[in-house]
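What follows is one structure encoded as structure tokens, with my remarks underneath.
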Amino acid sequence: MTGLYIATAAAVIASLIASPVKTLRAVKMAAVRLAKVLPTFIVMMALFAVGITLIPQDVIHRMLGRESGAWGLPAAAAIGSITLMPGFIAFPLCGALLRQGVTHMVLAGFTTTLMMVGVLTYPLESRYFGAKVTIIRNVAALVIAMLVALVIGLVHGELTP
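In the numbering used here, the protein residues as written are 241 to 401.
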């Protein structure tokens, strides 16, 4: 993580040297956009924190942990498929769920379907691409997401080959 900060600082310094005016304008624009997004981000994080706190850990284990058996992955994939959530919210949420005992496989299924499958965006997507293409894309994305999750489960020893 420190390397990322160093690389970012180096890029900003290089940009400042190359064009101070453009760099300051870009930093200003980024700050304005951050200020617009920050309240929503804070509210969403607070809601997830409250939700994770209110749901007993044993319930999370039973529904999404190793005890969930074959139901954890499909449940997480279904939730991910119908949820609209930006990655910057989803990934910290997954970190918290991982600490609560949710398996890597289930989290991979959730995040992959969250990013790739669009049940709620179907009406808009089908208007532009047509129903057939939208359905094919969503089904293919779901299959790929499940395969990715299963591979992650194998890699982390959560499934036995």
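We treat Cβ as the ideally placed atom computed from N, Cα and C, and that holds for glycine.
Source: prediction; values computed, not measured.
- Query: Starting from S366 and walking both ways along the alpha helix (DSSP H), at which residues does that stretch end?
  - Reply: What you label residue 366 is simply residue 126 of the sequence shown in a count that begins at 1. Where S366 is concerned, the enclosing alpha helix (DSSP H) stretches over Y362 to F369.
- Query: So what's I376 in DSSP terms, helix, strand or just coil?
  - Reply: Taking the sequence shown and counting its residues from 1, one reaches residue 376 at position 136. Reduced to three states, the DSSP call for I376 is helix.
- Between which two residues does the alpha helix (DSSP H) harbouring H301 extend? Position 61 of the sequence shown, counted from the start, is the residue given in the question as residue 301. Counting along the chain, the alpha helix (DSSP H) containing H301 begins and ends at Q297 to L304.
- Query: Excluding the five sequence neighbours on either side, which residues of its own chain have a C-beta within less than 6 Å of the C-beta of T352, listed in chain order?
  - Reply: For this step, residue 352 is matched to residue 112 along the sequence shown. Correct list, in chain order: A385 and V388.
- Query: Okay, do the segment 352-366 and the segment 315-324 touch, 3+ Cβ pairs below 8 Å being the bar?
  - Reply: By the Cβ test, the segment 352-366 is in contact with the segment 315-324, since at least three Cβ pairs between them sit closer than 8 Å.
- Message: Rounded to whole angstroms, what is the Cα-Cα separation between A247 and T263?
- Response: Indexing the sequence shown from 1 puts residue 247 at position 7. Indexing the sequence shown from 1 puts residue 263 at position 23. The alpha-carbon atoms of A247 and T263 are separated by roughly 16 Å.
- Item | Cβ-based neighbour list, M284, same chain, cut-off 6 Å, excluding 5 preceding and 5 following | Your numbering for residue 284 matches position 44 in the sequence shown. Excluding sequence neighbours, M284 sits near I329.
- Item | Inter-residue spacing [alpha-carbon to alpha-carbon] between L333 and F288 | Numbered from its first residue, the sequence shown carries residue 333 at position 93. Numbered from its first residue, the sequence shown carries residue 288 at position 48. Roughly 7 Å separates the two Cα atoms.
- Message: Considering only their Cβ atoms, is the gap separating M345 from L294 smaller than 8 Å?
- Response: Here residue 294 refers to the residue found at position 54 of the sequence shown. Here residue 345 refers to the residue found at position 105 of the sequence shown. Cβ atoms of L294 and M345: not closer than 8 Å.
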